[in-house]
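Taking the working numbering, the leading residue of the sequence shown gets 53, the next gets one more, and so forth. Glycine included, each C-beta is placed from N, C-alpha and C at the ideal position. Note that the coordinates shown come from a computational prediction; the quantities given were computed from them, not determined experimentally.
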Amino acid sequence: MIALRKILVPTDFSEFSQAAIRYGQELATRFQAELHLIHVLEFHPTLTPTFELGLALPSQIQESRTVAEQTLARLPGETSLSCVRAVLEGKPVLEILRYARENEIDLLVATTHGRTGLAHVLMGSVAENLVRMATCPVLTVRPNQHGFVMP
53 MIALRKILVP TDFSEFSQAA IRYGQELATR FQAELHLIHV LEFHPTLTPT
103 FELGLALPSQ IQESRTVAEQ TLARLPGETS LSCVRAVLEG KPVLEILRYA
153 RENEIDLLVA TTHGRTGLAH VLMGSVAENL VRMATCPVLT VRPNQHGFVM
203 P
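This is the structure we're talking about:
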């Protein structure tokens with residue numbers, strides 16, 4: 053028998069990631085599992101405008117963290133599920149994998165929303181890397197491909 057106690061859904065707050073959240077929420081409900089929702093803040097100092105000797109980056113990080121925490125607090129919407137939320141900083145794939153390992157996640161649910169062009173060739177998608185490197189099963193969700201049909 054498969055026992056799912058903890059299900060992790062990373063989100064970038066895009067419309068695409070909402071599909072993964074719906075799957076994670078439904079699976080958590082059916083397995084009476086704890087749902088973990090995380091968002092990873094990724095900063096690129098070379099692309100971030102700085103003023104007055106770099107003082108803008110720390111304030112941007114704090115503002116981004118505050119907005120991410122507020123947005124995450126509203127997800128997944130009305131639910132009676134046990135839900136753990138976290139905002140992390142770093143490279144998304146590495147932070148998601150680290151979180152999954154440290155929290156003994158049983159299933160990772162990620163969207164396959166498309167990164168295209170040069171960025172995809174150089175870095176690959178987050179979902180592809182999670183499938184390759186995760187130590188737990190990974191369910192990938194293609195947005196707009198299949199929806200839940202509720203009785």
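CB contact flag (Leu89, Leu133, <7 Å): no
Test item: CB-CB of Ala71 and Pro189 under 7 Å: no
Span separating the alpha-carbon of Thr118 from that of Leu127: 15 Å
Start-to-end residues for the alpha helix (DSSP H) that takes in Leu133: Here Leu133 belongs to no alpha helix (DSSP H), and DSSP marks it neither H nor E.
Cβ shell of Ile157 (< 8 Å), same chain only, five flanking positions each side left out: Lys58, Ile59, Leu60, His88, Tyr151, Cys188
Phe95 versus Glu67, Gly142, Glu86, residue with shortest Cα-Cα distance: Gly142
Where Ala162 sits in the DSSP three-state scheme: strand
Buried/exposed call for Ser66, threshold 16 Cβ in 10 Å: exposed
Straight-line Cα distance separating Leu182 from Pro91: According to the sequence displayed, residue 91 carries His and not Pro. If I take the Cα positions, the gap works out to 15 Å.
Coarse secondary structure for Thr187, derived from DSSP in three states: Coil, per DSSP.
Assigned secondary structure, Glu94 (DSSP; H/G/I helix, E/B strand, else coil): When secondary structure is reduced to three states using DSSP, Glu94 falls in the coil class, being assigned neither helix nor strand.
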